[in-house]
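Be aware that the sequence shown starts at 12, since it is given in my numbering, and climbs by one per residue.
Report on one structure; see the data block that follows.
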Amino acid sequence: MSTLLEIKSSVLRQVQVCPSFRRRTEEEPGSASADPQEPATGAWKPGDGVEFFTQMRLILKKGEGRRSLPCPEVLLRSNSPAPTEPVDPNRGLRALTQEEVEMLYEEALYTVLYRAGTMGPDQVDDQEALLSYLQQVFGTSPEEHAEAIESVKKAKAPTYALKVSVMRAKNLLAKDPNGFSDPYCMLGILSASGTPREPGPHKEPRFSFRKGAKRGSPLPAKCIQVTEVKSSTLNPVWKEHFLFEIEDVSTDQLHLDIWDHDDDVSLVEACRKLNEVIGLKGMSRYFKQIVKSARANGKAGPTEDHTDDFLGCLNIPIWEVPVAGEDRWFKLEPRSSASRVQGDCQLVLKLITTQRDTGMSQRGRSGFLSYLLLLSRLLQFEHRAEEPNSSSWRGELSAPAATVLCMHGAQSNLSALQLAVLHWQVSSRHHQTCTLDYSYLLGLLEDMQAHWEEAASLPQEQEESLADSFSAFSEFALRLLRQLRDYFPATNSTAIRRLELLLKCLDKLQLFQPSFEVCPFETELNTDITAALKRGNREWYDRLLNAKSPREQPGLQRLAGLVELVDTIYEDLQSCYSIYASLFHSIIKIDFFTLTFRQLERLVAEEVWVLTEDLSSKMTLEVASRLFELYLSLADIQRFWSSILGRDSRSLALVGIHVPFLPAVKLWLQVLRDQAKWRLQGAVDVDTLEPMENSKHSSSVATASLCFSHIQELWTCLAWPDPVQAQGLGTQLSQDLCEAALFYTQLLRKKVDTQPRASGEAVSEPLCVVLNNVELLRRAVGQALRGLAWPEGASGLTGGFPRSLLNCTQALDEDLQREACTVTAHLTSKMVGDIRKYVQHISLSPDSIQNDEAVAPLMKYLDEKLALLNALLVKENLNRVLEALWELLLQAILQALGTNLDVSADFYSRFHFTLEALVTFFHADGQGLPLENLRDGSYKRLEEELRLHKCSTRECIEQYYLDKLKQRSLEHNRCGRLSVRCYYEAAEQRLVVEVLHAADLLPLDANGLSDPFVIVELGPPHFFPLVHSQRTQVKSRTLHPVYDELFYFSVPAEVCRRRGACVLFTVMDHDWLSTNDFAGEAALGLGSIGGIVRPQVGGSTRTGQPITLHLRRPRAQVRSALRMLEGRTNREAQEFVKRLRELEKFMEADP
């Protein structure tokens, strides 16, 4: 392996600015060199480099997760309960005095004891159960409870009224000739006096306002109401509202008739006359007259029944009206068996109280306020009873609580909007004292919004109360958003769901803002949210800074904390982009990510600028290492912004932040260079040069590849923005990489030289491992170097790739290829003796044995060795070894041919068979070397020699001239040019050769010129046995002689057409005192000249175009044919060789 140590790297020859590792290690210990690449103190001491690269790997691993935008699924890792939100008991409704509590208790008991209507299926119908529930809610003793009940029972019963809304009817009978009707409704209350409701299954008689009924008592006019007439329709829509006083809830009933109005009397006049009616008889007579009038103007006869204008009726007992009221379709009924009716009528019924004998009513407390206080009391009780410490309670009330509230709301005549407002006010206040589920609050807002669009506006007092609740809730929500990261962490899916619902609640509040006469917000809610988020970002940053990098700490300690701070901010920005941004933008149209990024990025930039300026004069290896890590994190933040489509990083505060980091980066890269070599040294020291499991290389190259890969990844993360500075850093780093790669190969050489060698071993396993290591290293370092391309804009770009980096990469690849070839040569050198022995066996084999038997030992040997090499080498190296062995075999066969002259033709046929067998063996049906590689180089020479050995003497001579003709298209204009004109005169049967002039001849004399002349001859000699050569005059001291000389050769045309027939021009430099010098030669085939290829017909043939021939020197294949003739002993061959030698002597003589 001594020859391996003599290889010098072209890469190191190019790297003039950086002394080689070998030169640095050979410097005297006491030299005054202050090279920072050999640190004596600092963060990283000389060693095996393991700790350094472990730390670097941690830095790279941190950056791996930052290569792409994060996915929400990655960040939302926890389904645990959300953090507890802050509550404040003082933010609830005002606490009641004892007197107010007692009055509220009385109001609740009064509601239960004087209930009216029918209970629904989900309500509690048991009065005692409801009273017991209220006792628990108010916490009274049994005695106090009983006393309160007795007191309420002594109170005056409430005055009831029925609210009736006649909404619409459908599918009525058509009473008019046009196929429609003109319907209107007449409705009133039938009191119990005179017509008591008789219980029992018998059929109850029907009643009609327009049918004569015998009742003892008169019907008050106030009990009858009439709707408008809807013309020409069978599906009328009225939406008219009426209020009727109720004398006896248990016996009174609502009666409604629907009639077809056919009289010219206006509805106003009809209503006026209705109010003059006293008793049912008078009203019946009035309606009968209306019917007669309609009949007289109609088509029907006067004798027909006057009930055809009746469209249907309804009779609804008051006691059947549900406590909560109802909105339903009632099927119309006939008033007698003779009536034919159809259709339905939609009514909204609600039983309310107009007077209540309670303390709250007597003091002027509205039902709205009473309901608010009662709901607050029940909600607090229900929450404590269900889940007192849970934030997931959705306000689900128990059946008794819902029943009491339903009765009170109905009795207080509260609209659906008022109820929705009350539930929101109470629940939103309660949420601030004991956390509720935001989906419950959002549902309340949606319910209120739905009723708000349907109903009229609230009274001013109630609207102001609602506005106050909005302001209180928004203030509470803004406080939560200021501490967004604490109460809604991005990693907690439960908390993020609560944040989403909270934002939706705030969005609903904004929808109500235009509807208020008294605006609940001083400014736009979006403006307040933005201000709260900004303030929260600043408070979070200040807390983080004080925790990780307090300003009172020394610079180096602050630096370590600042790295953690920047990493934390990066993670927070990821959360902002992936989790928070979409929520804020989609719900309340706030660009939270841009707001947060710009604010935090500016704060970080300010802190970094100050700290780097403070540390610029204190640059040590430890400071440089920390600054390098800090810069990588800052670069990640900038890349994160740029990776989002449409983001321009030029406006960031971090632009230009790389400037103060440049000295630290340079120093750190110097440390990286030395640590890489220490790491490679340690890896080779422990390497046994044995293949690793499932691989063909050893452990050290795996370590080297990983180191180079980490360096390339580090450069990618660095992404230095300044093109000029990046070029300098990248050039230095690429040179360091090349130097480290070659340093590793040197270590491998020394390692393999120290390995014990087994005697008689033809294939060395350690050498195979080294060869595989070199190949793997070549690919790894090549990939790493290609990844070191710096930003565009730097000078010297070649096809987008820096020229200096390209040169460095190419030079290193050449060096490693050369290293691989050297190891390959050393590996195959041990097989040279065996190969020669088996080739000699073929040459000495008697002619009596078959060719395949003679070649069999060689093929068996190659098969065994190549099978072993295939198991030990990777594909690329196996091809290298195959190529080397192929060349060894060809040279061995050539040597055998050279030592065996004048042998039989069978000898050459055997070697020709051997050559073809070896081609097939090494090609291996396309799995080995390509055929074009096998049949190139030495193969062509060997094949030519074998072919010539099989030829006769005259065939060899013809081949000599054919080879000269083949040279014509292969030569360049290095020896000059010769212009001639050749043609055949058929009449005289002679060949005319005209030498015109030459140009750019070689200067062969000391004066820089020549004395050229040209020898003209025909060949091969046996084609032209009677023709002698001729020559031109000598032209003294010129490189551009002009001859214009004419030569004639009497030869038949048939001979000129033969294959190989040519005219040979030899240019010589005439020397008076020594032998003539060869200046070049050229050959022209006679088969292509005028008169030969097509005979001339009359006229002169000298008008043909001159031919320019490029002079050249004889190539190897020409000399091989000559050597073949020299080795022959027959007379013709000896005479041809002798004639050529005499010609040479003649050329040496004086012309």
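We treat Cβ as the ideally placed atom computed from N, Cα and C, and that holds for glycine.
Please read all numbers here as calculations on a predicted model, not as lab measurements.
Look at the alpha carbon of residue i and the alpha carbon of residue j, and state the distance between them as a whole number of angstroms.
i       : j       : result
Glu49   : Ser636  : Note that Glu49 scores a pLDDT of 37, beneath 50, so its modelled location is shaky; the value from the coordinates is reported in the next line. Cα to Cα, Glu49 sits roughly 16 Å from Ser636.
Leu520  : Leu385  : 25 Å
Gly909  : His960  : 11 Å
Leu926  : Val892  : 18 Å
Val260  : Leu173  : 10 Å
Glu582  : Phe499  : 15 Å
Lys225  : Leu198  : Residue placement at Lys225 is poorly supported in this model, since its pLDDT is 41, which falls under 50; the coordinates still yield a value, given next. Those two C-alpha atoms are separated by around 19 Å.
Ala1010 : His1051 : 4 Å
Ser653  : Leu880  : 52 Å
Ala903  : Ala831  : 23 Å
Asp936  : Trp726  : 45 Å
Gly60   : Val676  : 18 Å
Gly948  : Ala895  : 13 Å
Glu215  : Pro333  : The pLDDT assigned to Glu215 is 46, lower than 50, so where the model puts this residue is not dependable; a value taken from the coordinates is nonetheless given after this. One C-alpha to the other measures close to 22 Å.
Lys886  : Gly939  : 10 Å
Gly1071 : Glu999  : 23 Å
Gly739  : Gly793  : 19 Å
Ala93   : Ala506  : 5 Å
Val276  : Ser202  : Confidence is the limiting factor: at Val276 the pLDDT is only 48, short of 50, which leaves the residue's position unreliable, though a coordinate-based value still follows. Looking at the two C-alpha atoms, the distance is approximately 30 Å.
Should residue i and residue j be called a contact, given that it needs their Cβ atoms to be closer than 9 Å?
i       : j       : result
Ala127  : Ile269  : no
Leu632  : Leu691  : no
Leu358  : Leu325  : yes
Ser402  : Leu447  : yes
Gln353  : Gly375  : no
Gly1030 : Arg1069 : no
Ala168  : Tyr125  : yes
Cys516  : Leu453  : yes
Leu626  : Val577  : no
Leu584  : Phe484  : no
Trp731  : Ile668  : no
Return the Cβ separation of residue i and residue j in integer angstroms, given the expectation that the two are a contact with Cβ distance under 8 Å.
i       : j       : result
Ile200  : Ile257  : 7 Å
Gln743  : Leu680  : 7 Å
Asp539  : Leu489  : 6 Å
Gln3    : Asn548  : With the chain running from 12 to 1162 in the structure shown, residue 3 is simply not present.
Trp897  : Phe933  : 6 Å
Lys241  : Pro194  : 6 Å
Val1003 : Leu1057 : 7 Å
Arg992  : Pro857  : Their Cβ separation, rounded to whole angstroms, is 58 Å, which puts Arg992 and Pro857 out of contact at 8 Å.
Gly1101 : Tyr994  : 4 Å
Gln391  : His441  : 7 Å
Among the options, which has the Cα closest to the Cα of residue i?
i       : options                             : result
Ser859  : Val892, Gln1116, Asp917 and Leu901  : Asp917
Asp136  : Ala410, Arg1068 and Leu873          : Ala410
Leu759  : Met703, Thr699, Ser815 and Leu816   : Thr699
His419  : Leu383, Phe499 and Glu393           : Leu383
Pro1023 : Ser709, Phe1034, Arg1048 and Gln138 : Arg1048
Leu729  : Asp696, Leu641 and Leu544           : Leu641
Phe253  : Val574, Thr820, Arg797 and Leu360   : Leu360
Gln373  : Gln585, Val1045, Glu724 and Met114  : Met114
Val850  : Arg790, Arg946 and Ala907           : Ala907
Leu905  : Ala895, Tyr919 and Pro97            : Tyr919
Arg921  : Asp874, Ala882 and Gln861           : Gln861
Thr170  : Pro674, Gln422, Ala396 and Glu337   : Gln422
Leu656  : Thr605, Arg958, Leu567 and Asp863   : Thr605
Asn189  : Asp271, Val248, Asp263 and Met130   : Asp271
I'd like to know whether the C-beta of residue i is nearer than 9 Å to at least one C-beta of chain C.
i      : result
Ser152 : Within the model displayed, chain C is absent; a lone protein chain is all it includes.
Unbroken alpha helix (DSSP H) runs of length 4 or more, entirely within the segment 359-410: which are they? 370-373 and 378-397
What are the complete beta strand (DSSP E) segments, minimum 3 residues, inside the segment 1059-1086? 1073-1080
Enumerated in chain order, which unbroken segments of the alpha helix (DSSP H) with a length of 4 residues or greater are wholly contained in the segment 860-915? 862-883 and 886-910
Identify every run of the alpha helix (DSSP H) within the segment 136-210, keeping only runs that are complete inside it and at least 4 residues long; order them along the chain. 138-149 and 153-165
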